[in-house]
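For reference, the structure is listed below as structure tokens.
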Ligand SMILES: [Zn+2]
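Protein chains in written order, with full-length UniProt numbering: chain A, 1 to 382; chain B, 1 to 129.
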């Protein structure tokens with residue numbers, strides 16, 4: 001396999017983008033990434049999107065985006081793996097360059113969730129339609145089931161869950177692209193409107209529109225470019241049972257664990273080598289499970305570790321420096337690519353007020369459904 | 001819900017029918033073609049037991065449109081006495097009555113309806129015992 005570099009990044013602001021369409025936001029992010037990379041052409045394109053069909057009634061967006069970006073007839077395809085569609089698109093783009101099939105690949109993620117669809121229904125299609133959704137379950141509901149079990153088995157407290165949201169909003173307040181760039185307090189999180197007990201609306205990521213893109217390149221194509229180079233040194237993906245109830249232990253996200261192990265193995269590193277990470281905090285409990293299942297802390301210690309500040313910008317391992325899904329926003333198909341954008345900006349020293357000190361290795365973890373799919377990428381500053 | 005899709009799942013939803021692996025004994029609900037434990041393709045028909053216990057639970061406050069008129073309602077993962085876990089509503093009780101380990105019984109109930117002329121969707125729910 002050939003080495004693969006990220007040579008350009010771009011994203012839209014995340015939020016309620018009423019005046020812009022699905023295709024507009026994708027093209028905006030793609031042009032920003034192409035401009036950042038300074039490339040003249042791209043060879044192929046992967047577009048991560050969870051369910052444009054349900055959100056705006058538009059499928060076939062690989063071709064649509066190639067058309068509107070003015071790059072047809074290059075190959076372009078949409079990649080779907082629920083909320084980790086973007087991360088999986090990145091993985092396919094990575095392998096396309098690594099395999100020698102393309103020199104320069106554009107990987108994008110896009111979702112338009114605020115155009116009037118039944119968002120709760122659309123998101124729930126990523127769960128088991130016949131045996132979970134049929135019973136009336138929702139995504140906040142599934143993560144609430146995980147949260148309750150985690151609290152009982154490991155002693156995780158309501159306050160520790162809230163600490164995840166407080167920390168991510170603190171980071172997001174420093175991110176000009178964040179949907180909710182403002183701080184919240186522990187009391188505000190705990191006393192906010194309940195969505196699915198014990199999770200409140202401030203434990204949950206918002207409904208967002210947005211797009212993010214990265215440009216991948218081979219070493220030859222990256223030669224001579226002005227930007228600091230960031231290399232993708234590991235990619236791992238895994239799946240688990242679609243239904244949460246079918247898992248032996250509902251507090252362990254096995255797909256996260258296995259995708260992490262596979263990415264560590266390819267990169268030849270240990271969890272302790274990771275300097276910072278963007279992880280899939282769709283709900284506060286998810287971040288706690290993920291930092292445990294990626295091996296950053298012992299199982300069960302995610303709550304206290306977060307509460308003690310070890311995942312803050314100046315902590316032992318900063319988690320979600322961008323503000324995460326919680327504060328930055330979660331346009332589902334765009335999230336995985338936006339995570340890569342943040343990791344690259346941190347590794348290049350371009351993260352502005354939220355820049356961490358001297359990062360060398362960053363990780364991005366993106367998850368679909370209640371953890372039925374997960375993808376992890378590891379990035380290194382060259 | 002399109003009627004063929006609804007009808008196909010009736011044995012599971014109405015009668016808790018499951019498939020028991022003849023090789024390793026694992027019960028799959030709904031029945032599968034391949035045993036997730038041992039890979040065998042040889043099954044016999046069985047049923048979930050009528051009783052079980054709560055593994056985890058929540059109360060849904062924001063629901064998809066089909067369930068919007070039912071909020072708040074309780075959802076739990078319930079493990080039947082023969083070791084099979086399902087996601088189900090827990091009814092005839094208050095949210096504060098629920099706890100992990102609590103004994104429940106499966107009952108046959110209406111789950112949702114497609115307006116005035118569509119299919120009425122039935123299935124299992126659980127009640128505390
Ligand atoms: Zn078997």
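Where is the CB? At the ideal position from N, CA and C, for every residue including glycine.
Could you tell me whether the Cβ atoms of residue i and residue j are closer together than 9 angstroms?
i	j	result
residue 81/A	residue 375/A	yes
residue 175/A	residue 328/A	yes
residue 209/A	residue 111/A	yes
residue 79/B	residue 123/B	no
residue 263/A	residue 236/A	yes
residue 274/A	residue 190/A	no
residue 104/B	residue 129/B	yes
residue 319/A	residue 244/A	no
residue 93/A	residue 216/A	yes
residue 444/A	residue 293/A	The shown model of chain A, from 1 to 382, leaves out residue 444/A, and the question about it has no answer.
residue 266/A	residue 242/A	no
residue 76/A	residue 44/A	yes
residue 185/A	residue 166/A	yes
residue 29/A	residue 211/A	yes
residue 10/A	residue 42/A	no
residue 7/A	residue 38/A	yes
residue 206/A	residue 330/A	yes
residue 74/B	residue 98/B	yes
residue 172/A	residue 326/A	yes
residue 195/A	residue 187/A	no
residue 84/A	residue 322/A	no
residue 177/A	residue 324/A	no
residue 4/A	residue 259/A	no
residue 356/A	residue 346/A	yes
residue 340/A	residue 214/A	yes
residue 54/B	residue 90/B	yes
residue 121/A	residue 64/B	yes
residue 15/A	residue 179/A	yes
residue 97/A	residue 2/A	yes
residue 123/A	residue 332/A	yes
residue 164/A	residue 285/A	yes
residue 111/B	residue 125/B	yes
residue 14/B	residue 108/B	yes
residue 132/A	residue 87/B	yes
Do residue i and ligand 3 come close, with the Cβ less than 8 angstroms from some heavy atom?
i	result
residue 45/B	Ligand 3 is not part of this structure, which contains only ligand 1.
> Listed in chain order, which residues are found with a beta carbon closer than 6 angstroms to a heavy atom of ligand 1?
Replying inline: 21/B, 23/B, 24/B, 26/B, 35/B, 37/B, 38/B and 40/B
> Looking at chain A, which residues of the region 53-64 of chain B have a Cβ within less than 8 angstroms of any of its Cβ atoms?
Replying inline: Within the region 53-64 of chain B, the residues whose Cβ lies closer than 8 angstroms to some Cβ of chain A are 55, 56, 57, 58, 59, 60, 61, 62, 63 and 64, listed in chain order.
> At what residue ranges does the region 70-129 of chain A contain a whole run of the beta strand (DSSP E), taking only runs of 3 or more?
Replying inline: The region 70-129 of chain A contains these whole beta strand (DSSP E) runs: 76-79 and 104-112.
> Are at least three pairs of beta-carbons, each pair with one atom in the region 335-345 of chain A and one in the region 55-74 of chain A, less than 8 angstroms apart?
Replying inline: no
> Of all the residues that make up the region 250-263 of chain A, which are near chain B by a beta-carbon distance shorter than 8 angstroms?
Replying inline: Within the region 250-263 of chain A, the residues whose Cβ lies closer than 8 angstroms to some Cβ of chain B are 250, listed in chain order.
> When the Cβ atoms of the region 282-302 of chain A are set against those of the region 124-132 of chain A, are three or more pairs found closer than 8 angstroms?
Replying inline: Under the Cβ criterion (8 angstroms, minimum of three pairs), the region 282-302 of chain A does not count as touching the region 124-132 of chain A.
>> If we require 4 or more residues per run, which alpha helix (DSSP H) segments fall completely within the UniProt domain "Thiolase C-terminal" (236-380) of chain A?
In response: 254-267, 284-293, 302-307, 324-328 and 335-348
>> Does the region 360-375 of chain A come into contact with the region 12-31 of chain A, if we say contact requires no fewer than three beta-carbon pairs (one atom in each stretch) closer than 8 angstroms?
In response: With a cut-off of 8 angstroms, the region 12-31 of chain A and the region 360-375 of chain A do not count as touching, because too few Cβ pairs lie within range.
> Below 8 angstroms, can you find three or more Cβ-Cβ pairs linking the region 133-148 of chain A to the region 59-70 of chain B?
Replying inline: yes
> Below 8 angstroms, can you find three or more Cβ-Cβ pairs linking the region 149-168 of chain A to the region 298-307 of chain A?
Replying inline: yes
> What residues in the region 87-106 of chain B have a beta carbon less than 7 angstroms from any beta carbon of chain A?
Replying inline: 87, 88, 89, 95 and 100
> Any chance the region 29-49 of chain B sits against the region 100-109 of chain A, with 3 or more Cβ pairs inside 8 angstroms?
Replying inline: no
> Can you list the beta strand (DSSP E) stretches of 3 or more residues lying completely in the UniProt domain "ChsH2 C-terminal OB-fold" (49-109) of chain B, in chain order?
Replying inline: 51-60, 73-80 and 85-90
>> By the 8 angstroms beta-carbon criterion, what residues does the region 50-64 of chain A contribute toward chain B?
In response: none
> Using Cβ-Cβ distances below 9 angstroms, what residues of the region 114-126 of chain B are close to chain A?
Replying inline: 121, 123, 124 and 125
> What are the residues of the region 129-146 of chain A that lie near chain B, defined by any Cβ-Cβ distance shorter than 8 angstroms?
Replying inline: 130, 131, 132, 133, 134, 135, 136, 137, 138, 140, 141, 144, 145 and 146
>> Any C-beta of chain B within less than 7 angstroms: which residues of the region 113-124 of chain A qualify?
In response: 118, 120, 121 and 124
> Mind listing which residues of the region 21-49 of chain B have their C-beta closer than 7 angstroms to chain A's C-betas, in chain order?
Replying inline: 30
>> Just to confirm the assignment: which complete beta strand (DSSP E) runs, minimum length 3, are found wholly within the region 130-206 of chain A?
In response: 194-196
> Using Cβ-Cβ distances below 9 angstroms, what residues of the region 192-224 of chain A are close to chain B?
Replying inline: Across the region 192-224 of chain A, CB contacts with chain B closer than 9 angstroms involve 193, 194, 195, 196, 197, 198, 199 and 201, in sequence order along the chain.
> Residue ranges of each beta strand (DSSP E) run of no fewer than 3 residues wholly in the region 1-35 of chain A, ordered along the chain?
Replying inline: 4-11
> At what residue ranges does the UniProt domain "ChsH2 rubredoxin-like zinc ribbon" (8-44) of chain B contain a whole run of the beta strand (DSSP E), taking only runs of 3 or more?
Replying inline: Counting only runs of 3 or more, we get 17-21.
> Which of the residues in the region 231-245 of chain A, read from start to end, lie with their CB under 9 angstroms from any CB of chain B?
Replying inline: 241, 243, 244 and 245
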